[in-house]
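So the structure is just underneath, and the comments pick up after that.
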DNA sequence: GTTAGCACTCCTCTCGAACGAGTGCTAAAC
DNA sequence: GTTTAGCACTCGTTCGAGAGGAGTGCTAAC
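Have a look at this one:
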């Protein structure tokens, strides 16, 4: 619905504002060369764009800044990405050349790299336990009443939890149970584990082991809460370098939000497949109304298993970030498939 | 070397400055009631105290603020602590009433509580592996060339690492090795583990297992790097609420420092037994020249095994923080001894 | 349809005056 | 000798006025 000229002007304003963080005036666009009209013409178009809701004016005699709607249009119709900048490309090469020995290490390292390259904050959701299965379960008694339960997956992820044992369970009973669980459940995908715990193992356990219920409760408990560990955050303090967050109070609400793993988890795990850009209020969190979150899912065997996100001000270098995320998420697949073979 | 009156005045100035974060004038001290002299007298004493290096003057017509030397004197000779504030006392009671199932959980929770109660940042070093011994060692092959190594201590701490196996090691060899290691090393204190690894197990391993050297390397590797996991940080964003850090740049250098686990580890692990206060430059870190770090060690069976630290501006509520740390560190011992019994 | 010109708005920076908090010194009081 | 009242002085802070400037919107000419 916008004319070609309006699109060019909107594009120029967003680009300029992203670089300078200052309201953009008609004259400075005219001088850039891409739009060859005079300031007056551009002013008229800017006025129209403001009426249409794509631009905003901080006050009468200031330049224009993009509105959320303006950013949205920019992201949907105007930016071009594809090839990375030479320097970025080099960094990526280095990253993929490294020999890392564990899935989570790769993911965490990716988060760090991204935060450094973009100077924004990266939030990464580690590989989902989708086609991950139980490799080994173990219960080691520590004292009379406590034991540490350990779960190892076929991808090398280790989960552990100290649990309180019911009174009067004999070591041999425990051993029997662990043996039974391993026998019946090894190789079972994690997401099926809970249901199979009861259907496969339940009956037999009841026969052999006292305290059946308590012990099952413990096993269930260990299977929970393996998701919290999988959110990696990097470059949170980069927020402090953004001019729009030079106000300490604003930045505190953001950093406090970033400290809440559950909220973060909810934010990032609601991402759609592929690349998604959520601008300002689209994030549904008061604290990051002036932020945009760009997410990309990464896949194994065509199945999305995790998400990489970059959080920055709405005035974000969308093109660069989307390009990086696109490249990274696509190239992560073969690396990860090594472990999931 | 200070007269009683000078001590009273210094005490009043530090107290006042800690509360208000504003330079303290002679009149406001006189009005407080504790020091019953007139402003003029107090002014003379303040002038002397400044000459002695205990006070500083931001500019000619401002009040005085304590120098590092002033804080040091205050901490060493003037503050009184002992009983907690009623509210703090209640919080502590709640903390110790909770049933937590793992050592590290207790420590981490303590860090959170402290940060909330003080509104400063807490840095906690988890229990040292001093009289901690090996409970169980395990090596689970994942693929042809990778395996996950797991170490469990008698306190329920679990350490794991994904490792690359040398080519052509048979599963039975691995099993044999693991069995041997467990047989010979279970119950050995962690700090002796590395030496005993070679003295006890070395010879026998050489006879039974090929790839002796590579495998030993792996085991050694897993034993390393279990210290990084043990630093817990809480309330980092509380720094943002301090008026002296309303400058974003200053606070960024501090937050960046707090992100570096190794630096943190060095800082906190150099603490002496008991309570220690390091003021400003005594911390030997440019970034926290305006901060004080108060640390307290906590013990098990008379042996210091970890450190709790509170980092805040030099203008810190020393009395309150020292009181809390003293109380907490002493009362932590019986709780922790449950596991180490 | 495009652009030059111009009045107008409003933010920002700067300067000086008024203000006030606090000092240091002196001289008087205790 | 010690303490204190008094007072001149310093210096940061606040406030308002004025200048400057960036940018707009409108009008009229091209």
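Residue numbers (the numbering used here), protein chains in the order written: chain A, 1 to 341; chain B, 1001 to 1341. Yeah, the Cβ is synthetic: ideal placement off N, Cα and C, and Gly gets one too. Here the structure is a predicted model, which is why all the values come from computation and not from measurement.
Which same chain residues end up closer than 6 Å to residue 1182 of chain B when comparing Cβ atoms and leaving out the 5 residues on each side of it in sequence?
Result list for residue 1182 of chain B: 1137, in chain order.
Under 7 Å Cβ-Cβ, which residues of chain B neighbour residue 102 of chain A?
Residues of chain B passing the Cβ test: 1162.
Going by Cα to Cα distance, which pick from B:1322, B:1243, B:1031 is closest to residue 1122 of chain B?
Checking every option, the nearest Cα to that of residue 1122 of chain B belongs to B:1322.
So, with DSSP's three-state summary, where would you put residue 1220 of chain B?
It is helical.
So, with DSSP's three-state summary, where would you put residue 160 of chain A?
In the structure shown, residue 160 of chain A sits in a strand (DSSP, three-state: E or B).
Could you tell me whether any Cβ in chain B is nearer than 7 Å to the Cβ of residue 139 of chain A?
Chain B contact via Cβ: absent.
Quick one: give me the first and last residue of the alpha helix (DSSP H) that residue 1070 of chain B is part of.
Element bounds for residue 1070 of chain B: 1068–1073.
Reducing DSSP to helix, strand and coil, say where residue 146 of chain A ends up.
Of the three classes helix, strand and coil, the one that applies to residue 146 of chain A here is strand, per DSSP.
Using a Cβ-Cβ distance cut-off of 7 Å, determine whether residue 1031 of chain B contacts chain A.
Chain A contact via Cβ: absent.
So, is residue 170 of chain A buried or exposed, given that buried needs 16 or more other C-beta atoms within 10 angstroms?
Residue 170 of chain A is exposed by the Cβ-count criterion.
Give the interface partners of residue 1124 of chain B over in chain A, defined as CB-CB distance under 8 Å, in chain order.
Under the 8 Å cutoff, chain A gives no residues; its nearest Cβ is about 16 Å from residue 1124 of chain B.
Which residues in chain B have a C-beta closer than 7 Å to the C-beta of residue 136 of chain A? List them in chain order.
Per Cβ cutoff of 7 Å: 1140.
Counting only Cβ pairs nearer than 7 Å, list the residues of chain B close to residue 184 of chain A.
The contacting residues do not exist; residue 184 of chain A stays about 18 Å from chain B at best.
Is it buried or exposed for residue 177 of chain A, if we count other Cβ within 10 angstroms and need 16 for buried?
Classification for residue 177 of chain A: buried.
Using a Cβ cut-off of 9 Å, pull out every chain A residue sitting near residue 1152 of chain B, in sequence order please.
Neighbours of residue 1152 of chain B on chain A, chain order: 138, 140, 142, 148, 150, 160.
Rank A:337, A:145, A:332, A:326 by C-alpha distance to the C-alpha of residue 83 of chain A and give the top, closest one.
Cα-wise, what sits closest to residue 83 of chain A is A:326.
Taking the beta strand (DSSP E) that residue 355 of chain A belongs to, which residues open and close that run?
In this structure chain A extends from 1 to 341, so residue 355 of chain A is not present and cannot be described.
Note down, in chain order, every chain A residue with its Cβ under 7 Å from the Cβ of residue 1055 of chain B.
Chain A residues near residue 1055 of chain B: none, gap ~28 Å exceeds 7 Å.
Verify the CB distance criterion: does residue 256 of chain A have a CB-CB separation below 7 Å to chain B?
For residue 256 of chain A, the answer is yes, since a Cβ of chain B falls inside 7 Å of its Cβ.
Using the C-alpha atoms, what's the distance from residue 1149 of chain B back to residue 1175 of chain B?
Going by the C-alpha atoms only, they are around 12 Å apart.
Residue 1051 of chain B and residue 1009 of chain B: beta carbons closer than 7 Å?
It is not a contact, given that the beta carbons lie outside the stated cut-off.
Using the beta-carbon count (16 or more within 10 Å), is residue 1090 of chain B buried or exposed?
Flag for residue 1090 of chain B reads exposed.
With DSSP as the reference, label residue 33 of chain A as helix, strand or coil.
Looking at residue 33 of chain A - three-state DSSP - the assignment turns out to be coil, as it is neither helix nor strand.
If the criterion is Cβ atoms closer than 7 Å, does the pair residue 1165 of chain B and residue 1145 of chain B meet it?
Yes. Within cutoff.
Keeping to the same chain, check which residues put their C-beta closer than 6 Å to that of residue 1298 of chain B; ignore five residues upstream and five downstream.
For residue 1298 of chain B, where only same-chain residues beyond five positions count, the Cβ hits under 6 Å are 1306, 1329, 1332.
For residue 246 of chain A and chain B, any beta-carbon pair shorter than 7 Å?
Answer yes: the Cβ-Cβ gap between residue 246 of chain A and chain B drops below 7 Å somewhere.
Which chain A residues are close to residue 1217 of chain B, counting only those with a beta carbon under 8 Å from its beta carbon?
The premise fails here: residue 1217 of chain B is roughly 14 Å from chain A at the closest Cβ pair, so nothing lies under 8 Å.
Using the C-alpha atoms, what's the distance from residue 185 of chain A back to residue 193 of chain A?
Cα to Cα, residue 193 of chain A sits roughly 7 Å from residue 185 of chain A.
For a contact defined as C-beta to C-beta under 8 Å, what are the partners of residue 1252 of chain B on chain A?
In chain order: 237, 240, 241.
Within 10 angstroms of its Cβ, does residue 93 of chain A collect 16 or more other Cβ (buried), or is it exposed?
Exposed.
Quick one: what does DSSP say residue 1059 of chain B is sitting in, helix, strand or coil?
DSSP places residue 1059 of chain B in coil when its eight states are reduced to three.
Taking DSSP's pairing of strands, which residues face residue 278 of chain A in a bridge?
Note: residue 278 of chain A sits in a beta bridge opposite A:293.
If distances are taken between C-alpha atoms only, which option among A:162, A:337, A:153 comes closest to residue 188 of chain A?
For residue 188 of chain A, the nearest C-alpha among the options comes from A:153.
Under the DSSP definition of a beta bridge, which residues are partnered with residue 1121 of chain B?
For residue 1121 of chain B, which the question treats as bridged, DSSP gives the partners B:1311.
Quick check: residue 33 of chain A and residue 63 of chain A, are their CB atoms within less than 7 Å of each other?
Contact flag unset, no.
How big is the Cα-Cα spacing for residue 1234 of chain B and residue 1014 of chain B?
If I take the Cα positions, the gap works out to 27 Å.
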